[in-house]
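Trainee: Supplied in structure tokens, the structure appears directly below.
Residue numbers (my numbering): 2 to 370.
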């Protein structure tokens, strides 16, 4: 194998492939990245069996071939090279890397020992604009659970119905659902691990369409010259449609920034309290907010527009605040049923159909004074 390639382009590809390298592997070859030079392209492959990344870029291939180099070592080397052309030459398991006046000589692992990647039939696939997919990830990833005893909540559900694709996450205290219209989608229901969604978010190009398809227990995401394969989480996801189908009795609309700022001030005291409690008295034209802790009390009133019944309710400050902060519109609407029933926070006039559901904290006959 012998190639020349631009240092910045090589570093970009290595950095992308490194997202699939696990620090916990005991298999030496999986600590490396497989480099394959063929047809004037350099392909980099990395995997830890759960997650695999293939990325390809053009280069000058003088001699075709393949090598495996330790991911951390080659990444650090290329990162420190000057912004110039990199020459890579491999002969009999030894690899020379030259750039400017710098010369490194490394030992390649045996490329024949590198594991084969999954095969996914792309005959049934879905395609979304990268910018829209990035927004969906932002709106759902933050409420994925880290509870290993409930593995189906440790990922994002991707599911189709008659005319849309749903992306859903939950952690036992809150639930996030983003719905995208999609004409006549094929049946599709998978749970994608949060790590996969997070790494996809890191490497995807929002200016390119993202295509994804699934076969067996594997999902494939593809954009440009990059492919990301991931194992799926097995099991049945919660019936989120039944939860979100609740009828509400109170609808209050607030300025999102004013609501968030007030919650942030509540949290200055609430963070010292185990429940991180903020109590709200929702009236016709105002929401009175209060937090009481051993450090003291804080009270604030913000304007709102409410339809339906007045209501006293309490939340964990973080959970209600996170849902509001993730939304991008100027106004949000909070839909409520009762003091112990889940409420939803939704954007007002957003291109994305998004719902954030939050469980309240039960009050013990407390009333805001």
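For glycine and all other residues, C-beta sits at the position ideal for the given N, C-alpha and C.
1. Counting contacts by CB-CB distance shorter than 8 Å, is residue 263 in contact with chain D?
2. Using the Cα positions of residue 185 and residue 34, report the straight-line distance between them to the nearest angstrom.
3. Taking the alpha carbon of residue 110 as the point to measure from, which residue in 29, 59, 303 and 322 has its own alpha carbon closest?
4. By DSSP, does residue 42 sit in helix, in strand, or in coil?
5. May I have the straight-line CA-CA distance separating residue 118 from residue 352, to the nearest angstrom?
6. Taking the straight line between their C-alpha atoms, what separation do you get for residue 235 and residue 155?
7. DSSP three-state call for residue 324: helix, strand or coil?
8. Look at the Cβ atom of residue 335, then the Cβ atom of residue 344, and state whether they are nearer than 8 Å.
9. Can you give the beta carbon distance from residue 108 to residue 95, rounded, assuming they're within the 8 Å contact cut?
10. Does DSSP classify residue 197 as helix, strand or coil?
11. Excluding the 5 residues preceding and the 5 following residue 369 in the sequence, name in chain order all residues of the same chain whose CB lies nearer than 6 Å to its CB.
12. Please report the straight-line C-alpha distance between residue 244 and residue 225, rounded to a whole angstrom.
13. So what does DSSP say about residue 171, is it helix, strand or coil?
14. Considering residue 302, what are the terminal residues of the beta strand (DSSP E) in which it resides?
15. Given a threshold of 16 other Cβ atoms within 10 Å of its Cβ, counted over all protein chains shown, does residue 64 qualify as buried or as exposed?
16. Between which two residues does the alpha helix (DSSP H) holding residue 10 run?
17. Quickly, what does DSSP pair residue 359 with across the bridge? List them, please.
18. Relative to the C-alpha of residue 356, which residue among 309, 171 and 300 is closest?
19. For residue 206, which option in 331, 321, 76 and 133 has the closest C-alpha, if you only look at C-alpha atoms?
20. Determine the extent of the beta strand (DSSP E) in which residue 289 is found, giving its start and end residues.
Mentor: Once the coordinates are examined:
1. Reference to chain D is not applicable here, since this structure consists of a single protein chain.
2. So the alpha carbons of these two residues sit roughly 39 Å apart.
3. Ranking the options by Cα distance to residue 110, first place goes to 29.
4. Residue state for residue 42 is assigned as strand, using DSSP reduced to three classes.
5. In this structure, the alpha-carbon of residue 118 lies about 37 Å from that of residue 352.
6. Between residue 235 and residue 155, the alpha-carbon positions lie close to 11 Å from each other.
7. Three-state result, residue 324: helix.
8. Yes, the pair counts as a contact, with Cβ atoms nearer than the cut-off.
9. Indeed they touch by this definition, with Cβ atoms about 6 Å apart.
10. Reduced to three states, the DSSP call for residue 197 is helix.
11. In this prediction, residue 369 scores a pLDDT of 49, lower than 50, which makes its location untrustworthy; the coordinate-derived value is nonetheless stated afterwards. Excluding five sequence positions before and after residue 369, the CB atoms of its chain that fall closer than 6 Å to its own CB belong to 280, 282, 289 and 291, given in chain order.
12. Pairing residue 244 with residue 225, the inter-Cα distance amounts to about 38 Å.
13. In the structure shown, the three-state DSSP call for residue 171 is strand.
14. Start and end: 297–304.
15. Under a 10 Å Cβ-count criterion, residue 64 is classified as exposed, with fewer than 16 other Cβ atoms of the shown protein chains found around its own Cβ.
16. 8–18 is the span of the alpha helix (DSSP H), which, as asked, contains residue 10.
17. According to DSSP, which records beta bridges pairwise, residue 359 is partnered with 175 and 344.
18. Nearest C-alpha to residue 356 among 309, 171 and 300: 171.
19. The residue with the shortest Cα to Cα distance from residue 206 is 133.
20. Counting along the chain, the unbroken beta strand (DSSP E) around residue 289 starts and ends at 287–294.
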